[in-house]
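To start, the structure under review is shown below, and the notes come after it.
In the working numbering, the protein residues as written are 249 to 1193.
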């Protein structure tokens, strides 16, 4: 007799709601099993048939790190398309390739860490390439499209589960795990939170990743905003995944907690559900969680919340219903459609910055294509490995014919001569150039070792001529004639061994340091100098070699020769995404590297018909005055070269638009760590200078006319309409942009702010009628006096045009709004961080759990202003809640000090607040001015009497 099959447990029943199934599964897990879930690599629970699970598959612009995949343009390039529909299709293709790759390699995860929605507030941020825009509206539109593509359109099961990066106010790599972003309430709500909020509310986000930095003195990994804001924006369970190593940073670098058990508990309680720490080894985090439970820093209910959130994502991914998962059989990988989409995205990302008739190129033109990126198809840290590859040179060869295209890279060709008179020599290594970095895939490519199977450099009487490139600030690469870059492996030997610079710590960069009559050659990856020994050339701490740099040819000489013989010159300049501006390293200047400036000058001197094509992850401050045409594109992925050639040839009319302001000079930039976009007048929203190229700028081979702007207020919406007509003679896309501006605001408001946009394709003579519905909430601001959103009554100007500065049409609507009311300081007091104006102040954490305080930012006093404070019939006493040591001075309307409150002795710690009181006489409505002196934290000001 056959034993009956035991019934399946409820968590296996697809007829039940996910919530009930998760309840059932949670009830079956032991506390020891649940303790293992919150690590990035959650182990299997074999007794229940639960598989292992990994959070985190990088997929920013294609599947990254896991080997060959379709490579789309960098995220900032996708932002430059201003085309959510296109970006949704890119996300769809990426998610299909994730599924197809996972079917063959179970290391590929379905919880994808993308997109990045950090706003491109400052163009020197090293990770500029990862974001979409400096504008929260455009960023959320593009991010929403990408997440919808990644999620798929099935109503129940998700193709992949997107996690937004990096929460919150994260735009600096310099000391990124210890710096605090001081974010005033208006900037928090109107700027930094907004891109996250609108994307989460759109319904295709599975979670977020906190950033390494602190915000207002508190690490993002214990941020109260995760519960106060993030989790209120959706009914879905959101999985919060830590950034790599960040849980340990809370103790090791930030020193915010004394023990890892305290830090881990605080993170979990704050809302972090999955800890990315110690690689694949989960034992350390399991030990910390067990320790926190034993010390009553955590409860089992806290643990259950985190496990529930992970299980929610896994159920949505179809893990427990493979028979019903519509994505299980997805096999679309490197399809013709994906290749065509990669090219379409690269074409749409190209921005024509200037054109005085030089473009498109004449069909019979003799073209010189020159520059360090002319024959490059660069990848970044979050790229997959190329299956297909096109460079600008290859694209122009294909489009115009090799006989019409001349190439000069512009590298300096050098030999390095030792003190003994010999030269560095690259030995022949058969097949060495065939290996491509990252082709095999890796869960953590930072752990990939350099090659040691190739012979190290030696010396001989003639040496090897090397291609030297200075990428700026003296950071050099040296390349052998067969295309291999000089690199250093773990054994310290110098070899020509890799196809491109790369890696978490780049091992292919050097610096020539003047020394006597020659130079020391410093390897930047190890910090050691190159020396010559009996067993080959290596880096070491002792006996550095003194080299003479023997130049066979300067790059500008080859560029000038090619330029002089051509009808038109295309200079392709830009950056290598692994050098001077990348994750872990901010840029120091907007300027092009000097070597590339020299190449551009040489080309221009030899041939005035010189077009500059910038291929870069970020904006540059370039002198475009004497150039007849300038283009920019982010690194365009596998089809970048073909796309650029087609735009240059006029096969495609460019219609990319700048997703961020291009400033004219470094002097236009605020301090990188100044996150107050309002006070520091940052981004197109507040910048009052003249940009090199404004936000939203981009030209076309066609021309467009705007007309018929109308606007009317209906219920909670402003309905706006206008027309766009192609008045040119080629079919082209136009990106019509709608901006708003408060006419007579009571507080500093944006000069103009993007409300919506539309990218449309128009044949010559065709007209598109565009309609927009703008919610009234889009005209609001965060009113610090009432600690909430408010639409101010009055006039609002609506502006339509081709960029934030090229505005063709305008009209005004009047909104009722809510009137401005004075602050009720007698009943509510003044939260210290709720100021209207400040100077020399930073916001810090009131406690380690929640709340804000303020403190002087440096040795000088800090000043605060709170407008329109209503003291009613009068008050007689002021009290302040302070910690530390120092003085608070109070005055009204900028007059003399009316009260001075000082701590007699410092408090015992920064979170040990005391109340100080003093007499003050005030009645009616006044502006309150506070001056803070000394290392003092001010949390609140109260009035009574």
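Yeah, the Cβ is synthetic: ideal placement off N, Cα and C, and Gly gets one too.
{"Query": "According to the neighbour-count rule (16 or more other Cβ atoms, all chains shown, within 10 Å of its Cβ), is residue 711 buried or exposed?", "Result": "buried"}
{"Query": "With distance defined between alpha-carbon atoms, name the residue in 277, 400, 1187, 367 nearest to residue 385.", "Result": "367"}
{"Query": "Within the stretch 377-441, note down every full alpha helix (DSSP H) run reaching 4 residues or more, in order along the chain.", "Result": "384-399"}
{"Query": "Per the contact definition of three or more C-beta pairs closer than 8 Å, is the stretch 1155-1167 in contact with the stretch 1107-1126?", "Result": "yes"}
{"Query": "Tell me which residue opens and which closes the alpha helix (DSSP H) that residue 480 is part of.", "Result": "Per DSSP, residue 480 belongs to no alpha helix (DSSP H) and is neither H nor E."}
{"Query": "Relative to the alpha-carbon of residue 919, which residue among 419, 354, 396 has its alpha-carbon at the smallest distance?", "Result": "419"}
{"Query": "In whole angstroms, what separates the C-alpha of residue 994 from that of residue 1071?", "Result": "14 Å"}
{"Query": "In angstroms, rounded to a whole number, what distance separates the CA positions of residue 274 and residue 283?", "Result": "12 Å"}
{"Query": "Output the residue ranges of the beta strand (DSSP E) runs that lie fully inside the stretch 1131-1193 and measure 3 residues or longer, sorted by chain position.", "Result": "1135-1140, 1147-1150, 1162-1170, 1173-1181, 1184-1192"}
{"Query": "Could you tell me whether the stretch 667-677 touches the stretch 697-712, where touching means 3 or more Cβ pairs closer than 8 Å?", "Result": "yes"}
{"Query": "Do you know whose CA, among 357, 430, 323, 1155, lies nearest residue 1090's CA?", "Result": "430"}
{"Query": "Using 8 Å for Cβ pairs, my map puts residue 553 next to residue 509. What's the rounded Cβ distance?", "Result": "Not confirmed; about 18 Å, so no contact."}
{"Query": "Measure the alpha-carbon distance for residue 589 versus residue 305 and round it to whole angstroms.", "Result": "22 Å"}
{"Query": "Pull up the CB-CB distance for residue 1039 and residue 1063, whole angstroms please, since I reckon it's below 8 Å.", "Result": "6 Å"}
{"Query": "Using the Cα positions of residue 560 and residue 986, report the straight-line distance between them to the nearest angstrom.", "Result": "39 Å"}
{"Query": "Assign residue 975 to buried or exposed, taking buried as 16 or more other Cβ atoms, counted over all protein chains shown, within 10 Å of its Cβ.", "Result": "exposed"}
{"Query": "Name the two residues that bound the continuous beta strand (DSSP E) containing residue 663.", "Result": "660-665"}
{"Query": "Would you give the residue range spanned by the beta strand (DSSP E) that residue 533 belongs to?", "Result": "No beta strand (DSSP E) holds residue 533; the alpha helix (DSSP H) holding it covers 531-542."}
{"Query": "Looking at residue 778 and residue 793, is the spacing between their C-beta atoms short of 8 Å?", "Result": "yes"}
{"Query": "What would DSSP say about residue 765, mapped onto helix, strand or coil?", "Result": "coil"}
{"Query": "How long is the line joining the alpha carbons of residue 614 and residue 877, rounded to whole angstroms?", "Result": "17 Å"}
{"Query": "Pick out the complete beta strand (DSSP E) segments inside the stretch 264-348, 3 residues or longer, and give them in chain order.", "Result": "301-306"}
{"Query": "Determine the extent of the alpha helix (DSSP H) in which residue 550 is found, giving its start and end residues.", "Result": "548-564"}
{"Query": "Can you grab the Cα-Cα spacing for the pair residue 882 / residue 377, in whole Å?", "Result": "8 Å"}
{"Query": "Taking a contact to mean a Cβ-Cβ separation below 8 Å, would you say residue 848 touches residue 914 in this structure?", "Result": "no"}
{"Query": "Could you pull out every residue in the same chain whose Cβ sits closer than 8 Å to the Cβ of residue 1185, ignoring the five residues on either side in sequence?", "Result": "1092, 1094, 1101, 1102, 1103, 1130, 1131, 1132, 1158, 1161"}
{"Query": "If I measure Cβ to Cβ from residue 1193 and keep anything under 8 Å in the same chain, skipping five residues before and after, which residues do I get?", "Result": "1122, 1123, 1124, 1125"}
{"Query": "If you draw a straight line from the C-alpha of residue 954 to the C-alpha of residue 1018, how long is it?", "Result": "10 Å"}
{"Query": "What does the alpha-carbon distance come out to for the pair residue 574 and residue 293?", "Result": "25 Å"}
{"Query": "Closest to residue 950 by CA distance: which of 299, 469, 526, 903 is it?", "Result": "903"}
{"Query": "Between which two residues does the alpha helix (DSSP H) holding residue 805 run?", "Result": "803-812"}
{"Query": "Using 10 angstroms around the beta-carbon of residue 279, count the other beta-carbons present and answer buried if the total reaches 16, otherwise exposed.", "Result": "exposed"}
{"Query": "Would residue 468 be called buried (16 or more neighbouring beta carbons within 10 Å of its own) or exposed?", "Result": "buried"}
{"Query": "Sort out for me which residues DSSP pairs residue 955 with in a bridge.", "Result": "971"}
{"Query": "With DSSP as the reference, label residue 467 as helix, strand or coil.", "Result": "strand"}
{"Query": "Would you mind reading off the limits of the beta strand (DSSP E) that contains residue 497?", "Result": "Not the beta strand (DSSP E): residue 497 falls in the alpha helix (DSSP H), residues 494-500."}
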